[in-house]
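Comments concern the structure below.
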Amino acid sequence: MFSTRIARTVHVAAVAAAFAGAFAAAAAAQESTAGKGDGKGRPDGVRGRQAVIKVSGEGRSTTAPDMAILQLSVVKDAKTAREALDANNKAMADVLSALKQAGIAERDLQTSGFSINPQYHYPPNNDGGNRPPELVGYQVVNGVGVRVRDLGQLGEILDKSVTLGVNQGGGIEFTNDKPDAVITEARKAAVADAINKAKVLAEAAGVSLGRVIEIAEQPSRPEPIPVVRSMAKEFAAADSVPMATGENAYNVTVNVTFAVNQ
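As numbered in mature numbering (1 follows the signal peptide of the UniProt record, and there is no 0), residues -24 to -1, 1 to 238 make up the sequence shown, in order.
Here it is as structure tokens:
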């Protein structure tokens, strides 16, 4: 019984020694080849890193706008808030009715702001005393965002809106309802620009360009940038506001990583 236990112990020790020797040999072989290439000028997969070229490409595509977004407001002042609101309501109702009659759909009309503000008079205090402000009335502001899809009506719509009570404007933006095709062209141009830049860098470094490892578009969605041009199309009737639409430019930036073949 005792001799059997001794034999088992000796056998386990021999097996452990054999495994230890095998691991030591593998480690020695790995150290002897560390830092050496694979015969093709490339580092090994354990310690080496893939040589890459990283570039950014920019692309732009332009198109004429097919929609305008207006910000119009009606501002009314009166002695009381009720009087100011009633006057504002009437004027805004007339404006909305006229816009609908001009062909503006319900989905293209959206209230963009509403406020009732007290109006104060601040008497002069030449004697150095503190005089409280005097309430002199109220002001009601009602704003509406309007999407105009027929740009030929834009000047007439602005003119009629002012006639019916719009007395404050927050701006006008020319845009495109469905710019996907234009943005696609800008993306293609951005990738082509990145490839050209990478080829120049590879040639200057004396290496050849390898496969594409990664392409990433910068996260911000391309937005139209107004571009002034001398041939801008103008919409103007004899009794309406003259408009020049120009064109929109959509910009896209991509980051591309290429492998390098050495």
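Ideal Cβ positions, reconstructed from N, Cα and C, are used throughout, including at glycine. As the structure is a prediction and not an experimental result, all values here were calculated from the model.
Can you tell me where the alpha helix (DSSP H) with residue i in it begins and where it stops?
{"i": "K164", "result": "156 to 181"}
{"i": "G131", "result": "130 to 140"}
{"i": "E59", "result": "57 to 77"}
Using a Cβ-Cβ cut-off of 8 Å (strictly less than) and excluding sequence neighbours within five positions of residue i, which residues of its own chain qualify?
{"i": "V71", "result": "L48, V50, V120, S137, L140, G141, V142"}
{"i": "V28", "result": "I189, T233, F234, A235, V236"}
{"i": "R163", "result": "G35, E193, V228, V230"}
{"i": "V167", "result": "G33, G35, I191, V230, V232"}
{"i": "A174", "result": "I29, V31, L185, V232, F234"}
{"i": "G89", "result": "S49, V117, N118, G119"}
{"i": "P41", "result": "L127, F150, T151, N152, P200, T221, G222, E223, N224"}
{"i": "V124", "result": "M43, A44, I45, L46, I80, D84, L130, I133"}
{"i": "A(-5)", "result": "Reliability of the predicted coordinates at A(-5) is poor, the pLDDT of 43 falling under 50, and the value obtained from them is presented with this limitation in mind. If we look at A(-5) and ignore the five residues flanking it on each side, it has no Cβ neighbours."}
{"i": "E82", "result": "K76"}
{"i": "A178", "result": "I29, S184, L185, F234, V236"}
Could you tell me how far apart the beta carbons of residue i and residue j are, in whole angstroms, since I believe they sit closer than 8 Å?
{"i": "T229", "j": "S32", "result": "6 Å"}
{"i": "I92", "j": "A57", "result": "6 Å"}
{"i": "V117", "j": "L75", "result": "Contact flag wrong, Cβ pair sits at about 18 Å."}
{"i": "M43", "j": "G131", "result": "M43 to G131, Cβ: 15 Å. No contact."}
{"i": "V183", "j": "Q238", "result": "5 Å"}
{"i": "P200", "j": "Y226", "result": "6 Å"}
{"i": "D62", "j": "Q115", "result": "Going by Cβ atoms, the distance from D62 to Q115 rounds to 13 Å, so no, they are not a contact pair."}
{"i": "P99", "j": "R107", "result": "5 Å"}
Excluding the 5 residues preceding and the 5 following residue i in the sequence, name in chain order all residues of the same chain whose CB lies nearer than 6 Å to its CB.
{"i": "E149", "result": "I45"}
{"i": "Q86", "result": "G121"}
{"i": "L134", "result": "V217"}
{"i": "K30", "result": "T233"}
{"i": "N65", "result": "none"}
{"i": "K55", "result": "G113"}
{"i": "G147", "result": "Q47"}
{"i": "K144", "result": "Note on identity: in this sequence residue 144 is Gln, with Lys being the wrong assignment. Same-chain partners within the cutoff: S49, V51."}
{"i": "A181", "result": "none"}
{"i": "N101", "result": "R107"}
{"i": "A67", "result": "V50, G141"}
{"i": "S37", "result": "V158, E161, A162, Y226"}
Per DSSP, what are the beta-bridge partners of residue i in this structure?
{"i": "D53", "result": "Q115"}
{"i": "N231", "result": "S32, A192"}
{"i": "Q144", "result": "S49"}
{"i": "N237", "result": "S184"}
{"i": "E149", "result": "I45"}
Taking the continuous beta strand (DSSP E) assigned at residue i, which residues delimit it?
{"i": "Q95", "result": "85 to 97"}
Which residues in the same chain have their Cβ closer than 7 Å to the Cβ of residue i, if we skip the five residues on either side of it in sequence?
{"i": "T39", "result": "N152, V158, E223, N224"}
{"i": "H97", "result": "P109, E110, V112"}
{"i": "E59", "result": "none"}
{"i": "A1", "result": "Unreliable positioning characterises A1 in this predicted model, as indicated by a pLDDT of 44, which lies under 50. The coordinate reading is nonetheless provided below. Answer for A1: no residue qualifies."}
Quiz prompt | Contained beta strand (DSSP E) runs [length at least 3] in the segment 103 to 128, N- to C-terminal order | solution = Positions of the beta strand (DSSP E) runs, each at least 3 residues long and wholly inside the segment 103 to 128, are given as 110 to 124 in order along the chain.
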